[in-house]
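Numbering (UniProt numbering) for the sequence shown: 8 to 234. We put the beta carbon where it would ideally sit given N, CA and C, even for glycine. Report on one structure; see the data block that follows.
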Amino acid sequence: NKKIVIAIDGFSSCGKSTFAKAIARRLGYIFIDTGAMYRAVTLYALEHGAIRSGMVDEEAVVRLLPDICIDFRFNPERGASDIYVDGDRVEGKIRTIEVSNCVSAVSSICEVRAKLVAMQQQMGRRRGVVMDGRDIGTTVFPDAELKIFMTARPSVRARRRYDELRAKGDEVSYEEILQNVLSRDKADMTRAISPLRKADDAVVLDNSCMTVAEQMEWFEKEFRRAI
Ligand code: C5P
8 NKKIVIAIDG
18 FSSCGKSTFA
28 KAIARRLGYI
38 FIDTGAMYRA
48 VTLYALEHGA
58 IRSGMVDEEA
68 VVRLLPDICI
78 DFRFNPERGA
88 SDIYVDGDRV
98 EGKIRTIEVS
108 NCVSAVSSIC
118 EVRAKLVAMQ
128 QQMGRRRGVV
138 MDGRDIGTTV
148 FPDAELKIFM
158 TARPSVRARR
168 RYDELRAKGD
178 EVSYEEILQN
188 VLSRDKADMT
198 RAISPLRKAD
208 DAVVLDNSCM
218 TVAEQMEWFE
228 KEFRRAI
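Written as structure tokens, this is what we have:
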């Protein structure tokens, strides 16, 4: 049974992680959420004074980089890995609106991308991984055997993120979430290094009106074609 790399890229909040996790479980592959890594660096920068009043001090972030120790540890309860920074589980702390508002600026820093991309390539070197992000099919694994580009209507994506944060008890407004979704799309697509774009050989999945079960059915066909 040949193991492959499955690259899942696309816009924010379109259910990439849910989909990627389901695929990984189905195939017995390792799931790697690369957005969590950019969020972890952002959280660290916030906690160490490299971001003040929402302003990212790029040089300060670069100075912190060598000290940031990120790793993933499998959590059997979730059936997925949790992300740790310096040995602390930060899974909950990286999903706040504060981190979401600064993460695109942090992820546009060249040195940040170089460090995280190298880690991601190392984690996928034995194949058998499902990696979700923005530049996996274009930059991290241009040779991935299966590339999926996910999208959904902005209003659908904002609603999903809103429901998720509300369920956790976060006092956010739908408008604020929609603005964050739209501004991250724009920042991610227009940045200089590894902008978000569909790889030429990626297949598009628009899940605006699809259930997870329907997405899995779609995936089975694509997977059979890829191996
Ligand atoms: O996937 P998620 O929304 O958690 O990603 C957070 C942010 O991290 C994105 O908006 C993007 O700026 C950045 N990111 C990236 N490259 C990746 C994954 C995420 O630039 N491979």
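Cβ neighbours of residue i in the same chain (closer than 6 angstroms, five flanking residues each side left out)
| i | result |
| --- | --- |
| Val211 | Phe156 |
| Arg96 | Asp89 |
| Ala206 | Gly144, Thr145, Lys154 |
| Arg168 | Ser20, Ile184 |
| Arg164 | Ser20, Cys21, Val188 |
| Ala67 | Ala57 |
| Arg46 | Ile101, Val106, Val110 |
| Ala27 | Ile15, Phe38, Val137, Asp139 |
8 angstroms Cβ shell around residue i - same chain, five flanking residues per side excluded
| i | result |
| --- | --- |
| Arg204 | Thr145, Met196 |
| Met44 | Ile77, Ile90, Leu123, Met126, Gln127 |
| Trp225 | Leu212, Met217 |
Reduced DSSP secondary structure (H/G/I, E/B, other) of residue i
| i | result |
| --- | --- |
| Thr103 | coil |
| Asp89 | strand |
| Asp192 | helix |
| Ile184 | helix |
| Asn214 | coil |
| Gly94 | coil |
| Asp74 | helix |
| Val179 | coil |
| Ile30 | helix |
| Cys109 | helix |
| Asp142 | coil |
| Phe226 | helix |
| Pro161 | helix |
| Leu172 | helix |
Residue i versus residue j - alpha carbon distance
| i | j | result |
| --- | --- | --- |
| Val147 | Arg59 | 30 angstroms |
| Ala194 | Cys109 | 11 angstroms |
| residue 236 | Asn187 | Residue 236 is absent from the model: the chain starts at 8 and stops at 234. |
| Leu50 | Pro83 | 25 angstroms |
| Thr218 | Val69 | 41 angstroms |
| Ile104 | Ala174 | 14 angstroms |
| Val179 | Ala87 | 27 angstroms |
| Cys117 | Ala31 | 29 angstroms |
| Phe230 | Ile15 | 13 angstroms |
| Tyr181 | Arg166 | 7 angstroms |
| Ala220 | Gly131 | 26 angstroms |
| Glu65 | Lys228 | 43 angstroms |
| Pro73 | Arg120 | 13 angstroms |
| Ala233 | Asn8 | 13 angstroms |
| Asp208 | Pro149 | 10 angstroms |
Bridge-paired residues (DSSP) for residue i
| i | result |
| --- | --- |
| Phe38 | Val137 |
| Phe79 | Ile90 |
| Ala233 | Answer is none; Ala233 lacks a bridge partner. |
| Val12 | Val136 |
| Ile155 | Ile15, Val210 |
| residue 236 | The requested residue 236 does not occur in the structure, where the chain is confined to residues 8 to 234. |
Contacting residues, own chain, Cβ-Cβ under 7 angstroms from residue i (five flanking each side not counted)
| i | result |
| --- | --- |
| Asp93 | Cys76 |
| Asp40 | Ser24, Asp139 |
| Ser111 | Arg191, Ala194, Asp195 |
| Gly61 | Asn108, Cys109 |
Nearest-angstrom beta carbon gap, residue j and residue i [assumed within contact, 8 angstroms]
| i | j | result |
| --- | --- | --- |
| Thr158 | Gly17 | 5 angstroms |
| Leu71 | Ala57 | 6 angstroms |
| residue 239 | Ile13 | Lying outside 8 to 234, the shown extent of the chain, residue 239 is not represented and no answer is given. |
| Val113 | Ile37 | In fact, because the Cβ distance is near 25 angstroms, the residues do not count as touching under 8 angstroms. |
Contact test: residue i Cβ vs the ligand ATP heavy atom, cutoff 7 angstroms
| i | result |
| --- | --- |
| Tyr91 | As presented, the structure is devoid of the ligand ATP, carrying the ligand C5P as its sole ligands. |
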